[in-house]
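What the sequence shown shows, in our numbering, is residues 1 to 358, in sequence order.
We treat Cβ as the ideally placed atom computed from N, Cα and C, and that holds for glycine.
A short worksheet on the structure shown next.
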Amino acid sequence: MTTTRRHHAREILLLLTAGIAYWLTIYPRARREIRQWTRRARQIPDPVLRTHAIDKLSRERLNPEAAAFFAILAPRRQRAQLVRLMVAYQVAYDYLDAINEEPATAALNNGLHLHRALSDAVGVLPATGDYYRHSPHSDDGGYLLALVGACRSALRHMPSARAIAPVLIQAAERCGEAQSRNHAALVEGRPQLIRWTARLGVRNYHWWELAAGGISCLALHALFAAAAGNSTLADASRIDAAYFPSVCAISALLDSLIDLANDATTANHNFTAHYAASAEAATRFAAITAEARTLLATLRIARRHDLILTGIASFYLSAPQAKTEFARTITSHTLQCLGPMATPMLSVCRVMRRQLLG
């Protein structure tokens, strides 16, 4: 067997073993956690907040289910607790996204206060709790605090959580501020968002690519998995640097590519719309994907990190919107950069879409 064939065989074996672990143990736990939070969401007193919470859990349940896939990076003995953490954090993230994206609630001050919950969820100091200070709706019956508490409780069981806390908190603050500023662009304009991306000091990225990377919480899920193992602060810093901006950016950019036509009919900020042409977007998507794979290759269990990147990208590229005239070249360039695992993963994702989304 040639070296290339052996490599492909190992990659297929990894896909199979990770898939079996996910569908047989991780996915059922994630579904149980989602059902628990759905029951809790139905008890929210304020009808507006209740509707947002339930809608996110029903229409976007794939988000916490996908977040739980990061558990394949962690030791088996920690996966049950890790799934609780990942699902709770993703549910909180999605809920905050919903209640902060409307014009009436998109003011920067409101967004920053709401998104303190993301930092509190991974923090070592007592949770502030005053998240709704500037929000027109606040009676959630303790829902957001319960999500924050669930995250903090699960993190206490992670052997390296204390050691990597500074990186976790920094990543959460970055994500929360990016989300707040991205939503605030609707009512306060984009200059404040552009200035924020400039302060990051990252070269060779357009401002909207950094904004896209900023709003993603993928780095946090990778860090949660690191907390479940024997990781140092230096390990966590390398993971965060590998995921942000590259992995986080390509994930959010692909999401915006799929939403491009729909967002054009709304006031939603679409990152892909900033490219002058499809060819420019294709070049940038490919470059960011290549950088992401290069950086992930430097991490421990690099092949599993690469599998997650390929899975995320393949899921977006399996959508019908990835075949539009504008998206076709972008899809082709991105798939070429993902390597040989993209082809079988794309087929798997198409089947998943038919079964899960109809």
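By a C-beta neighbour count over all protein chains shown, 10 Å radius and 16 as the cutoff for buried, is residue i buried or exposed?
i: residue 201; result: exposed
i: residue 250; result: buried
i: residue 289; result: buried
i: residue 280; result: exposed
i: residue 256; result: buried
i: residue 56; result: buried
i: residue 304; result: buried
i: residue 208; result: buried
i: residue 300; result: exposed
i: residue 104; result: exposed
i: residue 64; result: buried
i: residue 293; result: buried
i: residue 314; result: buried
My understanding is that residue i touches residue j, with C-beta atoms under 8 Å, so please give their C-beta distance in whole angstroms.
i: residue 273; j: residue 253; result: With 8 Å as the limit, residue 273 and residue 253 do not qualify as a contact, their Cβ atoms being about 11 Å apart.
i: residue 148; j: residue 92; result: 7 Å
i: residue 15; j: residue 245; result: Not really, about 26 Å apart at Cβ, beyond 8 Å.
i: residue 319; j: residue 258; result: 5 Å
i: residue 282; j: residue 324; result: That belief does not hold up - the Cβ atoms of residue 282 and residue 324 are roughly 13 Å apart, past 8 Å.
Taking the alpha carbon of residue i as the reference point, which residue from the options has its own alpha carbon closest?
i: residue 121; options: 100, 352, 171, 80; result: 171
i: residue 146; options: 137, 131, 160; result: 131
i: residue 168; options: 133, 141, 231; result: 231
i: residue 183; options: 30, 10, 99, 345; result: 99
i: residue 235; options: 268, 166, 177, 262; result: 166
i: residue 125; options: 181, 162, 218; result: 162
i: residue 220; options: 77, 12, 123; result: 123
i: residue 241; options: 187, 186, 298; result: 298
Using the C-alpha atoms, what's the distance from residue j back to residue i?
i: residue 196; j: residue 212; result: 12 Å
i: residue 79; j: residue 228; result: 8 Å
i: residue 96; j: residue 52; result: 9 Å
i: residue 265; j: residue 10; result: 45 Å
i: residue 354; j: residue 347; result: 11 Å
i: residue 113; j: residue 138; result: 12 Å
i: residue 153; j: residue 134; result: 27 Å
i: residue 205; j: residue 43; result: 43 Å
i: residue 384; j: residue 267; result: This structure gives no information on residue 384, because the portion of the chain shown stretches from 1 to 358.
i: residue 116; j: residue 74; result: 27 Å
i: residue 276; j: residue 287; result: 17 Å
i: residue 327; j: residue 285; result: 11 Å
Worksheet item: Hey, is the stretch 74-93 in contact with the stretch 216-225, meaning 3+ C-beta pairs nearer than 8 Å?
Response: yes
Determine, using beta-carbon pairs with one atom in the stretch 302-321 and one in the stretch 334-343, whether at least three such pairs fall under 8 Å. yes
**Prompt:** Quick check: the stretch 186-194 against the stretch 95-110, are there 3 or more CB pairs under 8 Å?
**Reply:** yes
Spell out a yes or no on whether the stretch 319-336 and the stretch 33-43 are touching, meaning 3 or more CB-CB pairs, one atom from each, closer than 8 Å.
no
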